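Student: I'd like to ask you about the structure that follows.
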Amino acid sequence: MLFGQVVMGPAGCGKSTYCFTLQQRALDSARNVIVVNLDPAAENYSYSAYADIRELISVEHVEEELTLGPNGALVYCMEYLLENFEWLEEILCGLLEDDYVIFDCPGQIELYTHYSFMRDFTVALKQLGFQLCGVYLLDSQVLCDPNKYLGGCLSALSTMLQLEIPHVNILTKMDLVKGDTSDNFPDEEDDNFICPDMTQLLEALYVTVPQKFYRLNQVCSSTFRGFIDY
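Numbering (my numbering), first residue to last: -19 to 210.
Put into structure tokens, the structure is as follows:
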């Protein structure tokens, strides 16, 4: 049995840095952590990649050959990966049982919330014997804006429901939030927003959004609360 993480999140939230840090930490502990790059648009990354989707297909190549835009090319690449999954299967078949695999995924949120191929990809991995955990990264600077925080929570929840695997949410770049003086979300209220009690978030939204969105905010808050209670 193999174990792994599917690392997801918006572009620029620190996914590649997270993968690199885990890999380095494992090396310091004499453990083997393997990173697989699944972003066909990645230009560079600091970790040592065991496999790179760009060896199979890249966004740049698709844009040139099929005259697609960046998003369309990315969707095409991910579909192509699924159709040619045996390429990755041949690479992964050489792993040992105690190897730990991290899949560094693209940063386009619609890949997880609006399409099924990321779910199909995790299903294919489980058929190879993987026990997977979804890790959703969110830039902690969204804590400075209740509206952005609400959007981040919605995207994380949607991803969790879509993939149907064990799921962990992680706030990144906390050092950049430290000392923030935003009136909408001062530092001393951080714990209130991270707390499962969504009442604090709802109260902040009443201050920052028009009244016509109050009902929508209440529905979103009750949705989060329902999943927390579940």
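Heads up, the beta-carbon is just placed ideally off N, CA and C, and yes, glycines get one too.
Being a predicted model, the structure only gives us computed values, none of them experimental.
According to DSSP, is Thr(-3) part of a helix, a strand, or is it coil?
Tutor: Annotated three-state conformation of Thr(-3) is helix, per DSSP.
Student: With a 10 Å radius around its C-beta and 16 neighbouring C-beta atoms as the bar for buried, classify Asp155 as buried or exposed.
Tutor: By the 10 Å Cβ count, Asp155 comes out exposed.
Student: What's the gap between the Cα of Phe101 and the Cα of Tyr27?
Tutor: 22 Å
Student: Leu156 by DSSP, collapsed to three states: which one?
Tutor: helix
Student: Can you find the residues in the same chain that come closer than 6 Å, C-beta to C-beta, to Phe110, ignoring five residues on each side of it along the sequence?
Tutor: Answer for Phe110: Leu(-18) and Gly(-16), listed in chain order.
Student: If we count the other Cβ atoms within 10 Å of its Cβ and call it buried at 16 or more, is Lys192 buried or exposed?
Tutor: The residue is exposed, with fewer than 16 neighbouring Cβ atoms inside 10 Å.
Student: For Asp8, name the three-state secondary structure that DSSP assigns.
Tutor: helix
Student: Measure the C-alpha to C-alpha separation of Cys57 and Glu69 and round it to an integer number of angstroms.
Tutor: 17 Å
Student: Could you give the distance in angstroms between the alpha-carbon of Ser38 and the alpha-carbon of Leu61?
Tutor: 10 Å
Student: Would you mind listing the alpha helix (DSSP H) stretches within the region 67 to 99 that are 4+ residues and don't spill past its ends, in chain order?
Tutor: 90 to 93
Student: Can you tell me the Cα-Cα spacing of Pro86 and Leu54, whole angstroms?
Tutor: 9 Å
Student: Take Glu23 as the anchor and find which of Glu40, Thr152 and Val15 has the nearest alpha-carbon.
Tutor: Glu40
Student: In the DSSP assignment, find the unbroken alpha helix (DSSP H) run with Tyr60 in it and report its ends.
Tutor: Pro50 to Glu63
Student: Against chain C, with Cβ distances strictly below 9 Å, would Ala29 count as a contact?
Tutor: Structure shown: chain C not included; a single protein chain is present.
Student: In terms of residues, what are the limits of the alpha helix (DSSP H) holding Ala184?
Tutor: Thr179 to Thr188
Student: CB-CB under 8 Å to Glu43, same chain, minus the five flanking residues each way: which ones, in chain order?
Tutor: Gly49, Pro50 and Ala53
Student: Spatial neighbours of Ser138 within its chain, please: C-beta separation below 8 Å, excluding the five flanking residues on both sides.
Tutor: Tyr92 and Thr93
Student: So is Tyr116 buried or exposed if we call it buried at 16+ other beta carbons inside 10 Å?
Tutor: It is buried - the Cβ of Tyr116 has at least 16 other Cβ atoms within 10 Å.
Student: Determine the contact status of Asp32 and Asn17, defining contact as a CB-CB distance below 9 Å.
Tutor: yes
Student: Can you name the residues that DSSP bridges to Leu112?
Tutor: Beta-bridge partners assigned by DSSP to Leu112: Gly(-16).
Student: Using the rule of at least 16 other Cβ atoms within 10 Å of the residue's Cβ for burial, across every protein chain shown, is Thr161 buried or exposed?
Tutor: Here the model assigns Thr161 a pLDDT of 45, short of 50, so the residue's position is not dependable, and the following value carries that caveat. It is exposed - the Cβ of Thr161 has fewer than 16 other Cβ atoms within 10 Å.
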